[in-house]
Each structure stands twice: as structure tokens, then as C-alpha cells.
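Chemist: For reference, the structure I am asking about is given below.
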Amino acid sequence: MKRILTPLAASLALAFCAPGLAATLTGHHFDGRDLVLTTDEGTVTLTGYGEGALAVHYQQPGVKQLPSFAIDEQAPRVAGKLVRDGTLWQYQLPELTAVIDTAPFKLSFVHNGEVVLAEEHGLFVHDNLRGFRFALEPQEKLVGGGQRVLGMDRRGHRLPLYNKASYGYTTHAEQMYYGLPAVLSSNQYALVFDNSATGWIDLGKTESDVLQFEAQGGRTAYLVAAGSDYPEVIENLTAATGRQPLPPRWALGNYASRFGYHTEQEARDTVAKFRDEDYPLDAIVLDLYWFGKDVQGHMGNLAWDYEAWPTPEKMIADFQADGVNTILITEPFVLTTSKRWQEAVDAKALAQDLAGKPKTFDFYFGNTGLIDVFAESGQQWFWNIYQGLMEQGVAGWWGDLGEPEVHPHDTIHAIGTADEIHNAYGHQWAKMVYEGLREAQPEQRPMIMMRSGFVGSQRYGMIPWTGDVSRSWGGLQPQVELSLQMGLLGLGYTHSDLGGFAGGEQFDAEMYTRWMQYGVFQPVYRPHAQENIAPEPVFHDKTTRDILRDWVKLRYRMLPYNYTLAYQNSTTGMPLMRPLMFEAESDLSWFDNKDAYLWGDAFLVAPVVQPGVTEVAVALPEGVWFDYFSGQRHEGGKTVSVPVTLETLPVLVRAGSFVPMVAPMRSTADYSSAELTLHYYHDDSVTQASGEMYEDDGRNPNALVKGEYQLLTFSAKAEAQGLTINLQRRGDYPGAPQQRTLDLQLHHLASAPQSVTVDGTAVPFQWQDGVLSVPVRWQQASHQVVVR
């Protein structure tokens, strides 16, 4: 429970929390829109972003500072209002106020008259250790730390801040590929330690009432965001850290991917197999065999092995003509045995050792150097490789091993040592690729998968995944938790290698099917695994193929709905996968739920993560929910048992939901919403409802900025005499359908209607098994459908 205090009372209560604080406020000035506070120990700069986010940067003489990686360079700064009253100062944004205690100097943060966060000791700096301490309340829960398998509430853990591979993980992992030095609190605030260095986050482990960030070096800064509810916290947080640009529509389609395709012929045969099996397909991912015949010895070549891939440009063009985009793996390591080693040395592209020479070290793939993505020379050399491949037609980019997987502490980069910048390496790499692609392909949206990054990496279009998970039920079980943890702090496209990646001696058809079914409701649909068992569904038995064909086609039918989730993420930061705690913020028991989640607002999904399951207990939020497959009605606010077969998954639809769909297609290259099905799930308990559908050309990176899109909005109003559905369309874009043939399907009506009118004119309709189907020719900006 948050403390409801006046700012003055909050300040006095905190003044005695931690003895020995010596800093005293001695002055202030404004630097543009920033408030700069001067103390007898240095300066503290407060920078406002949006309605409710404040960046705090402590600077002491002689303490090295690195750039901010968390803050979006393009985020507009907002000037707050400074109110002074004796020793109590307030710096006020519309939704967040920093209360400044002048002697001893200390900051606390107030939202809606409540203290949501307070420094316990503020900044500490001791030789090679620096960080911040904040007070924790007894009942406070914390999401945070990024990719870990620990449960949703991470309070009580002390976790390393060092991105590190976790090969073959299952149901417990304290350190993984993509950590985040950030938390989201049940007290409706988010806190980011804006420091890229090796360190720790202590979530009340050492001291139960203290949240402590610490690092070996780096920037002495943090960011606070607050809101009235979790979605508003996320919106205010991402106003500062940046939001995910809209991906190309094809990125939401089906991928063919494995470790890996050895030859051009194998890749061509795989695409042909998807077509022969009537599976939609939008992308093929080529792992490291595209530049070398073996796993070891070739990393850094980053050029086609023409012996295995004799006509790569023609292959890419042929795939593109068939609606299939080519994605290539790249890594930041250049082996001393690779063909480009001397070229990289001569270009000064590599990080250095303590003698100023290219740093070399051994790891699994061979003796190697590491590209310095923080150096202009390293970026230029690396980007030239990307540009050449881009000109050959490559459409998507996969950055692997970007923790970096091996990163000796005595590696020297342009802006600092390995330990100072380790956690921002993947972030900087993604920035380089994204900015290069935006300049080189101004009319095309980048597609960039990366295994590791930092807070805010989403603004560079980064699509992370959860690494080399075990191909087992144990590997499937934490996947919801991992994606939810990342999405709540900005990384809304975090997804898993569907079916699992590592190990597995025999094909487990049930486990594989369950993982692939879950994947329909995760941000990216990409099976990927070691090749001893095929990760692609088209290479398995007929039963598995037939079950999963329908699920992959469901993914394509849902494209209008899923693409709208992408739009919402890009405009508000709202993740595509949403935790159930959003539904009942005052009940902290929902905070811990990692077994189910919301896919947008309409769907509740509870993946099957154990073998032999015939029913699943699902805790439902308040409201009415319908089983998507059987139509069974469930009252919310309790736990219900949902029966399942191998063909079904616990997927429930919220009463009052609008779900737009289209017919499945070979690939998104054939996508059109000219023929649209709009499902509305009616229940008498819902008297008013609304929904939306976002639509653009699927490619234009400036669609939102330039207003080149359509937004379709839907509303429903139920009264005693019937149900009224209003349809509205606003906006336009090149290539938009000038009219739509709409099949409006109203589910769960109690009885057949007496009449149906569209804009006052009676129209024919179909009624079958409780579903009313109404044809609407959507030609005008708005239409009204009335069901009596």
C-alpha cells in the first residue's frame, strides 16, 4: 500500500531514514528545460519527459560519466514547475512531482498526493562501486530485472546485472541473455538504473526494506515514471525510453528457421515444402552456414559461401517473388581464421587490449576479436557489410551472441572498458543497424532480431527472443513469464524459439504442438531449433502437420487484430502480451500470475505446459468470458476448469470484444482487408463496448508520423429493444481499400433477431448456432447496424 502523505510530511519522514548524509543543496539554475541543482558534492540534473517521467543525473567531480543509453535521444524534454517553500522544494510535472529535501539533500517522488518512491540514501560512490538506494514498503511487489526465471514478483532476490548466455535453461535461471536494470512496482511506478556497467540489483534481498542498484562504473543516473495504473506507468516510462517502431507487417507472419540450413538447395526445398503442405510463410532465417560450411572457424566471414550457396541473390529474389523474406544471422565476432580478419584490423574495427592492439581471445567458435560498435571506425566497417547484403535483397537481420557472449574484462572500447559498457553492447549494435537501414532504405521498416540489449532498445526496432531454451516441457513452462517481464518494461516483442532450441533426443509431438499453439498468441511466430529434430512443422507426422496448419492459419486470420496490437504498442508502449495483474491492480495476488496472460484486450490465453492435460484451471478476471473453441460461457472473478484436446488450447474471449479477421493467405504479401470479418462477442452483462483496427500499407516507416493510415473503430450498445453496432472509418493511405465487404458476426445472441437494418434499411442476415451474420458494404465513413 502506498503512503498517502503531504510532500512536507513525506520529506520529514525520510529525513531520518539514513544517517550520515552530508550533501546540502546550495543553488539551482535551469539549463534549457532541465533543472540543475547544485550541492556541496556536485550537481543533480532533473529532466522531465512527457506527463510523468523524470530522469535524475548525479554528477560528482572526478567521477567518470558515460552517455545515457536508456533515454530516447529524440524524446522531447518537458520543463516542470519549481515551487520553493523554505527547505522543501518541489519540481512538478503534470503527473509526477520530485520533492527535494535541501539539507540533507534527498529526493522523493509523489504521484496524486502519494509518495510512490523515495531515495533511502540516494547516490553512493566508493572507488569502483557506485549506485543508488531506495526505500521499499513492506507489501510492495516488484517485476524487474528482465529475462530471469524466478516468478513474476522478483522481490527478495539479488541479481547480477551482466547479460550472459544461459544455454538449455528450464524452470530456474537467475542470469540470462537480456537483463534489465529496472523494476515495475505494485505501487504504480517504474524505476530504471541508467547504467550499462557490470553490477547487481538487490530487490530487498540483503536488506528487506531497501532496493539497491550497484555497478562497477558507468553513469550515476536513474529514471522514474509513475501513473494511476500499470498501463499509464508503461506509457510514461516509454515516453522517455522510446517506443517500438511499427514492424513490417510480414514480421507478424510465419517463419522457417533452424540451426541451420546448410545449402541454397536445402533452403529452397524448405520453402517449397511449406507451399506443398499449404502452410502460410513469410520469412526464412539463415543461420551461420550461409558464410561457412562448419560451425567453427568461419565467424566473421559474413560473405556468402558460394560453394554451398551458388546463386544467393537469385535465391533471395525468388523467395521475395513468392512472398518470403530472407533474414540472415550476423555476429559481432571476427575470428582470426576468418577471411576478413586482416581487413577488420586494418580498418581499426576491433576493440583493443591494454597495449592498444586488437584484443583476441578464445571462445567456442575459435580465436577471435570483437567489433567495437562504440567506435566510429567499427561501426563504419560493420555497416558496410550490412549495406552490401541489403543491396542483395536481404530483408531482415538477426544479431546473435550480442551480450557479448564472451567479453573479457580487459577489452577496451572507444568509450570505456568491457565492464563499463557490457550491458549496452547489443543496444548500440541495434542502434547502428537501425539507423543505417533507415538512412539506406527510407521507405522500408527495419526488421532486427537481437538476443541482448538494454532498457530502451525497443526504439531501434529490436525484436528480442528468450535465447537457447531447452527443447522440453521445462523449457516451455517459463516462456510466459519471460515475455511478460520484458514487455512491462518496454520490450514488447520478446518471444521464444517455438518448440524449444537446445537438446532433445526424440521428437515429443505433444510438447511441440503445445508450444506452437501458444506461439500463435506471442509477438513473433518463429520455430527454431538444433537440426537433430526438425523445428519446422511441415517435416513432422501428418497428425502434427494437420493440427498445426489450422493454428498457423489462425495466426494469419488474426493479422488485423495483431497488427492493431502493434499499433497500440508503438503509440502507447502497451505490450502485446499483458499480465492479468492489469485487470485487478488493487488485488496483489494477481501480480504473481505467470500461467496465463492477455493477448491484447480481447483474449485470455493459458498455455498447456504439462503432458497429458485434458483440462486446465484458469483464474478469470471479473466479467464474462467465452471459450473460443466451444463457446462455453464463464463468469469471471473465479477459477474455472477449461477442457482441452490436443487440437485446442485454453483461449477465452472477453464479452464485449471486437475481433477483426481476414481469410488466411500464402503470405502477408497477399494481405488485404477489402474482405473483412468482424466478430463481436455479445453478452447481456455488457451494455456498451468498443474496439479498433489499425491499417496501413504494412511497409511505410512514416505512416504514423505522416498520418498515412486508417483507423476503424467499432462500438456496441445494448438496450432492451436490441443491439446497435456503429462502424466508423477515418484516415487514408495509398492503396487503402476504397470499400470493404464486411461480414459482421455477432456471437452469443440469446435468440434469432426479428430484423436487422444497416443505416435504416433492412438487410438479409444469417442465423446459425447463436451466431448472427450480417453483410455490410462498408463504403462510407460510418455505418450503423441495428439488430432488433
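Under the numbering used here, residues 215 to 1002 are what the sequence shown spells out, in order. Here a beta-carbon is modelled for each residue, glycine too, at the ideal position from N, C-alpha and C. Here the structure is a predicted model, which means the values were calculated and not measured.
According to DSSP, simplified to helix, strand and coil, what is K528?
Modeler: Looking at K528 - three-state DSSP - the assignment turns out to be helix.
Chemist: Please confirm whether A440 has its beta-carbon closer than 7 Å to some beta-carbon of chain D.
Modeler: Annotation note: the requested chain D is absent from the structure, which comprises a single protein chain.
Chemist: If we count the other Cβ atoms within 10 Å of its Cβ and call it buried at 16 or more, is T582 buried or exposed?
Modeler: That one is buried.
Chemist: Hey, which unbroken runs of the alpha helix (DSSP H) at 4 residues or more fall wholly within the segment 567-652?
Modeler: Counting whole runs of 4 or more residues, the segment 567-652 contains the alpha helix (DSSP H) stretches 590-605, 632-635.
Chemist: Would you call the segment 533-547 and the segment 602-618 in contact, with 3 or more CB pairs under 8 Å?
Modeler: Taking 8 Å as the limit for Cβ pairs, the verdict is that the segment 602-618 does touch the segment 533-547.
Chemist: With the cut-off set at 7 Å, would you say S591 and K562 are in Cβ contact?
Modeler: In contact: S591 and K562 (Cβ atoms closer than 7 Å).
Chemist: Within the same chain, show all residues whose beta-carbon is closer than 8 Å to that of D624, passing over the 5 residues directly before and after it, in chain order.
Modeler: Answer for D624: D567, L568, K573, T631, A632, listed in chain order.
Chemist: Measure the alpha-carbon distance for Q731 versus L762 and round it to whole angstroms.
Modeler: Cα to Cα, the separation comes out at about 7 Å.
Chemist: Which residues in the same chain as L466 place their Cβ atom closer than 6 Å to its Cβ, once the five residues preceding and following it in sequence are excluded?
Modeler: The answer, listed in chain order, is N776.
Chemist: Classify S422 as buried or exposed, calling it buried when 16 or more other Cβ atoms lie within 10 Å of its own Cβ.
Modeler: Looking at its Cβ environment, which holds fewer than 16 other Cβ atoms inside 10 Å, S422 is exposed.
Chemist: Report the rounded CA-to-CA distance for L235 versus R344, giving the unit in angstroms.
Modeler: Residue placement at L235 is poorly supported in this model, since its pLDDT is 47, which falls under 50; the coordinates still yield a value, given next. Cα to Cα, the separation comes out at about 15 Å.
Chemist: For Y842 and T859, I'd like the C-alpha separation in whole angstroms.
Modeler: The straight-line gap from Cα to Cα measures roughly 13 Å.
Chemist: State the start and end residues of the unbroken alpha helix (DSSP H) segment that holds G688.
Modeler: Element bounds for G688: 687-690.
Chemist: Around the Cβ of D946, are there at least 16 other Cβ atoms within 10 angstroms (buried) or fewer (exposed)?
Modeler: D946 is exposed by the Cβ-count criterion.
Chemist: For R728, count the other beta carbons within 10 Å of its own beta carbon; 16 or more makes it buried, fewer makes it exposed. Which is it?
Modeler: By the neighbour-count rule (16 or more Cβ atoms within 10 Å), R728 is buried.
Chemist: Tell me the residue span of the alpha helix (DSSP H) that contains A558.
Modeler: Unbroken alpha helix (DSSP H) run through A558: 555-560.
Chemist: Reducing DSSP to helix, strand and coil, say where E174 ends up.
Modeler: No answer is possible for residue 174: it lies beyond the span of the chain, which begins at 215 and ends at 1002.
Chemist: For L690, which of V313, V363, L307 has the nearest alpha-carbon?
Modeler: Among V313, V363, L307, the Cα nearest to that of L690 belongs to V363.
Chemist: Considering only residues of the same chain and omitting the five flanking positions on each side of T785, which have a CB-CB separation below 8 Å?
Modeler: Cβ neighbours of T785 beyond the five flanking positions: R457, L918.
Chemist: Counting only the same chain and skipping the five closest in sequence on each side, list residues whose C-beta sits under 7 Å from that of P692.
Modeler: So the list reads V363, T385, once near-sequence residues are dropped.
Chemist: Would you call the CB atoms of A332 and A312 closer than 7 Å?
Modeler: Contact flag unset, no.
Chemist: Under DSSP, the alpha helix (DSSP H) around S697 begins and ends at which residues?
Modeler: Taken as a continuous stretch (DSSP letters only), the alpha helix (DSSP H) holding S697 covers 693-701.
Chemist: Please name the residue or residues paired with A831 in a DSSP beta bridge.
Modeler: S855, per the DSSP bridge assignment.
Chemist: Kindly indicate which three-state DSSP category P678 falls into: helix, strand or coil?
Modeler: Correct three-state label for P678: strand.
Chemist: Exposed or buried, what is S996 when buried is set at 16 or more other beta-carbons lying within 10 Å of its beta-carbon?
Modeler: The residue in question, S996, is exposed, as its Cβ has fewer than 16 Cβ neighbours within 10 Å.
Chemist: Along the chain, where does the beta strand (DSSP E) that runs through Q415 open and close?
Modeler: One point to set straight first is that residue 415 is Ile, not Gln, in the sequence displayed. Taken as a continuous stretch (DSSP letters only), the beta strand (DSSP E) holding I415 covers 413-417.
Chemist: Under 8 Å by Cβ, that's how I've got L651 and P789 pegged, so tell me the actual separation to the nearest angstrom.
Modeler: Their Cβ separation, rounded to whole angstroms, is 24 Å, which puts L651 and P789 out of contact at 8 Å.
Chemist: So, is F1006 buried or exposed, given that buried needs 16 or more other C-beta atoms within 10 angstroms?
Modeler: Residue coverage of the chain in this structure runs from 215 to 1002, which leaves residue 1006 outside it and unanswerable.
Chemist: Can you give me the start and stop residues for the beta strand (DSSP E) that Q998 sits inside?
Modeler: Counting along the chain, the beta strand (DSSP E) containing Q998 begins and ends at 996-1001.
Chemist: From the DSSP output, in three-state form, read off V752 for me.
Modeler: In this structure, V752 counts as helix in the three-state DSSP scheme.
Chemist: Starting from I448, trace the alpha helix (DSSP H) in both directions and tell me its first and last residue.
Modeler: Segment 444-455, the alpha helix (DSSP H) holding I448.
Chemist: Would you give the residue range spanned by the beta strand (DSSP E) that D299 belongs to?
Modeler: 295-299 is the span of the beta strand (DSSP E), which, as asked, contains D299.
Chemist: Quick one, which of V766, R554, L925, E724 has its alpha-carbon nearest V823's?
Modeler: The candidate whose alpha carbon is nearest that of V823 is E724.
Chemist: Would you be able to state if there are at least three C-beta pairs under 8 Å between the segment 469-488 and the segment 746-757?
Modeler: Result yes; three or more Cβ-Cβ pairs closer than 8 Å.
Chemist: Does the segment 496-508 come within contact of the segment 521-539, defined as at least 3 CB pairs closer than 8 Å?
Modeler: Yes, the segment 496-508 is in contact with the segment 521-539.
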